[in-house]
Amino acid sequence: MESESIRYPGARAPDRSRPVDAGGLRLAVYEWGDPGAPPLLLAHGGFDFARTFDVFAPLLAAGGWRVVSWDQRGHGDSEHAALYNWDADARDALAVLDATSHAPIPFVGHSKGGSVLLHLADACPHRVTRMVNIDGLPSRSRHPDVATHERTRLLAEELAGWLDHRRRAAGLERKSGTLDDLARRRGRMNPRLSHEWLRYLANAGARCDADGWRWKIDPALRFGGFGPWRPEWTLQRLPGLSVPMLGFLASVSEPMGWDTTQEILRPYLPPDAEIHTLADTGHFIHIERPREVADRVLRFLA
Amino acid sequence: MSAVSLRHDKVTLALHPLRAANGGRPLLLLHGRGERSPARVPAALAGWPGGIWALDFTGHGESTIPRGGGYTAEILMADADAALAHLGAATLVGRGLGAYVALLLAGARPRSVRGAILCDGAGLAGGGPRPVTPSIAAPAEAGAGPPDPFALIDLARDVRPPDYATSFVRQASQLSGLERPLSVCAVERPDWLAAVVEEPGVERTTLAEALGHYAAVA
Chain X
26 MESESIRYPG
36 ARAPDRSRPV
46 DAGGLRLAVY
56 EWGDPGAPPL
66 LLAHGGFDFA
76 RTFDVFAPLL
86 AAGGWRVVSW
96 DQRGHGDSEH
106 AALYNWDADA
116 RDALAVLDAT
126 SHAPIPFVGH
136 SKGGSVLLHL
146 ADACPHRVTR
156 MVNIDGLPSR
166 SRHPDVATHE
176 RTRLLAEELA
186 GWLDHRRRAA
196 GLERKSGTLD
206 DLARRRGRMN
216 PRLSHEWLRY
226 LANAGARCDA
236 DGWRWKIDPA
246 LRFGGFGPWR
256 PEWTLQRLPG
266 LSVPMLGFLA
276 SVSEPMGWDT
286 TQEILRPYLP
296 PDAEIHTLAD
306 TGHFIHIERP
316 REVADRVLRF
326 LA
Chain V
14 MSAVSLRHDK
24 VTLALHPLRA
34 ANGGRPLLLL
44 HGRGERSPAR
54 VPAALAGWPG
64 GIWALDFTGH
74 GESTIPRGGG
84 YTAEILMADA
94 DAALAHLGAA
104 TLVGRGLGAY
114 VALLLAGARP
124 RSVRGAILCD
134 GAGLAGGGPR
144 PVTPSIAAPA
154 EAGAGPPDPF
164 ALIDLARDVR
174 PPDYATSFVR
184 QASQLSGLER
194 PLSVCAVERP
204 DWLAAVVEEP
214 GVERTTLAEA
224 LGHYAAVA
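These protein sequence lines map, in sequence, to chains X and V.
Mapping of the first sequence onto my numbering: position 161 corresponds to residue 186, and the numbering continues sequentially without gaps.
Mapping of the second sequence onto my numbering: position 122 corresponds to residue 135, and the numbering continues sequentially without gaps.
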């Protein structure tokens, strides 16, 4: 099997996997580390999947943790859903937590996964002991420097574009290709990650059809979009956070990044928060600097 | 007449013809949260000159109940857009949740929505103008319904900021070519609707007047 033959330095497939039922939807849950070790919950970002932690999670596991992660609905090996929203992602996270531990445990989340876990911590403060957020604090206000009449036009294009996408969604398939093709395409969104790593990821996050490889992610999912949500809604969950928080911020802007700075966060930070901005690092902080991030997380959780 | 099945991604939607077309533009009814399409033409709409259709939203009536919830007003707007794709240009009458969806669609498909009439009904307020204390609710009985218990939960928490709602009014006003793309008959005025009625292009009126107005619009 090809998935056995592709290796990446330091990467290790999960030690165990199990399905979890989330309101009738099947989620794929993965674990690294000793099954008897204390658990922590690790959440991936949008358009990622749990195995993007294949280097980072084993480092946390080696530090004495049972690392539990899952593919979010529509991502990786979890079931494709008819509907996706924030509350559903938080419900799914709680289903994974319920199937892992009823005692409070640390939460670690990257990007959108960090925001979902912040929501979960606010909804269920009795379930969390410590919070690690890896570039998962949003701040980007879209088109801040565009005049109102231009915004109307942009919104019109966005709305029509999204509805047109929904009209086609039933017949959509991800574009097929070789593993190298998939890695190259992904590289456009992840310009700072090596081709070798992206090819390793493609092997875990894509399936091999008769006409080539395809990312497993639900083709109905789409970047961008619109909706009532605004970044302050997530930032406003920070000041009341009841547990110590360790945050990491990127210093290099890139397509999937959130461009949040210490200055933006300062008014929202709870007294116990510690925020590290890593020099010359993009949005995928734990992939670019797995050892450094894991060491800081392990010290924080000790 | 039996329902038309429309495909929206993984969901099959039921679009009910309540009255055959006899010329004139179709009227599309959008029901409230937890409701379903009426079985026959409501008396108040009988004077409409064209065909009359009613859509069951995802998780409601005869449409698919998906697993695991995740409802948003935006995805229901795409449900209604699937009906527009079948019917062509139409006038919308929405109750409650369906009124909010009608507003969104009037802004997003300004050339195809020839007037939207916003009426009282279940789920008009949604989750209010801003997020409240987060809570994670799951239905006691997943898989029940219709209506899908997840729909009842999610669509009572769907945040509707007034400035978000008015951005759809402006889309409709600027791009529909209609002087009055929206008519509000609802008595209940949640924050989003209170902001909407203050916008140019929105008329506060009765259902009968609004139907008469849009029947005469080309």
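All residues carry an ideal CB built from backbone N, CA and C; glycine is no exception.
{"Query": "heavy atom of the ligand ADP below 7 Å from Ala319(X) C-beta", "Result": "What this structure holds is no ligand at all, so the ligand ADP is not there to describe."}
{"Query": "For Ser30(X), the three-state DSSP class (helix, strand or coil)", "Result": "helix"}
{"Query": "For Tyr55(X), the three-state DSSP class (helix, strand or coil)", "Result": "strand"}
{"Query": "Terminal residues of the beta strand (DSSP E) in which Val24(V) lies", "Result": "24–32"}
{"Query": "At least 3 beta-carbon pairs within less than 8 Å: the region 69–83 of chain V vs the region 43–50 of chain V", "Result": "yes"}
{"Query": "Cβ of Ser28(X) within 8 Å of any chain V Cβ", "Result": "Here Ser28(X) scores only 49 on pLDDT, less than 50, and its place in the model is too uncertain to base an answer on."}
{"Query": "Close Cβ partners of Ser136(X) (< 8 Å) along its chain, the five nearest in sequence each way excluded", "Result": "His69, Gly70, Gly71, Asp73, Ile159, Asp160, Gly161, Met281, Trp283, His308"}
{"Query": "Cα-Cα separation, Pro256(X) to Ser164(X)", "Result": "5 Å"}
{"Query": "Below-8 Å beta-carbon distance, Ile280(V) vs any chain X residue", "Result": "Since the first and last residues shown for chain V are 14 and 231, residue 280(V) lies out of range."}
{"Query": "Buried or exposed by the 16-neighbour rule on C-beta atoms within 10 Å, applied to Phe163(V)", "Result": "buried"}
{"Query": "Which listed residue (Glu201(V), Asp204(V), Pro194(V), Pro55(V)) has its alpha carbon closest to that of Ala223(V)", "Result": "Pro194(V)"}
{"Query": "Straight-line Cα distance separating Gly225(V) from Ile166(V)", "Result": "36 Å"}
{"Query": "Nearest candidate by alpha-carbon position, reference Asp236(X), set Glu221(X), Leu204(X), Ala107(X), Thr259(X)", "Result": "Leu204(X)"}
{"Query": "Bridge partners - Asp234(X), DSSP secondary structure assignment", "Result": "Gly237(X)"}
{"Query": "is_contact[Trp258(X), chain V] using C-beta, thresh 8 Å", "Result": "yes"}
{"Query": "Burial state of Phe248(X), where buried means 16 or more other Cβ atoms lie within 10 Å", "Result": "exposed"}
{"Query": "Strand pairing of Arg202(V), partner residues [DSSP]", "Result": "Paired residue(s): none; Arg202(V) is not in a bridge."}
{"Query": "Classification of Ala200(X) by the beta-carbon crowding that lies within 10 angstroms, buried from 16 upward", "Result": "For the record, residue 200(X) in the displayed sequence is Lys; it is not Ala. Exposed, since its Cβ has fewer than 16 Cβ neighbours within 10 Å."}
{"Query": "is_contact[Pro44(X), chain V] using C-beta, thresh 8 Å", "Result": "no"}
{"Query": "DSSP state of Pro213(V) mapped onto helix, strand, coil", "Result": "coil"}
{"Query": "Secondary structure of Ile300(X), DSSP reduced to three states", "Result": "strand"}
{"Query": "Bridge-paired residues (DSSP) for Asn158(X)", "Result": "Gly134(X), Gly272(X)"}
{"Query": "Proximal chain X residues relative to Phe163(V), where beta-carbon distance stays under 7 Å", "Result": "Gly48"}
{"Query": "Contact set between His21(V) and chain X, taken where Cβ atoms lie within less than 9 Å", "Result": "Ala107, Arg191, Arg192, Ala194, Ala195"}
{"Query": "Nearest-angstrom Cα separation, counted from Tyr33(X) out to Ala18(X)", "Result": "Only positions 26 to 327 of chain X appear in the structure, and residue 18(X) is not among them; the question remains open."}
{"Query": "Length of the line joining the Cα atoms of Trp240(X) and Leu207(X)", "Result": "8 Å"}
{"Query": "Backbone secondary structure at Trp95(X) - three-state DSSP", "Result": "strand"}
{"Query": "Residue of Ala298(X), Leu188(X), Thr286(X), Val54(X) minimising C-alpha distance to Phe251(X)", "Result": "Leu188(X)"}
{"Query": "Euclidean distance between Cα positions of Ser113(X) and Leu143(X)", "Result": "According to the sequence provided, residue 113(X) is Ala. The question's Ser does not apply to it. One C-alpha to the other measures close to 14 Å."}
{"Query": "Own chain, CB closer than 8 Å to Gly61(X), minus 5 neighbours either side, in chain order", "Result": "Arg91"}
{"Query": "Proximal residues of chain V, C-beta to C-beta of Pro253(X) below 7 Å", "Result": "Val172, Arg173, Pro174, Tyr177"}
{"Query": "Beta carbon proximity, Asn110(X) to chain V, threshold 8 Å", "Result": "yes"}
{"Query": "Touch test, the region 295–306 of chain X against the region 254–271 of chain X, Cβ-Cβ under 8 Å, three pairs minimum", "Result": "yes"}
{"Query": "Range of the contiguous beta strand (DSSP E) that encloses Val3(V)", "Result": "Because chain V here runs from 14 to 231, residue 3(V) falls outside it and cannot be looked at."}
{"Query": "Residue interval of the alpha helix (DSSP H) (run including Arg324(X))", "Result": "315–326"}
{"Query": "Contact under 8 Å by Cβ, Ala115(X) with Leu145(X)", "Result": "yes"}
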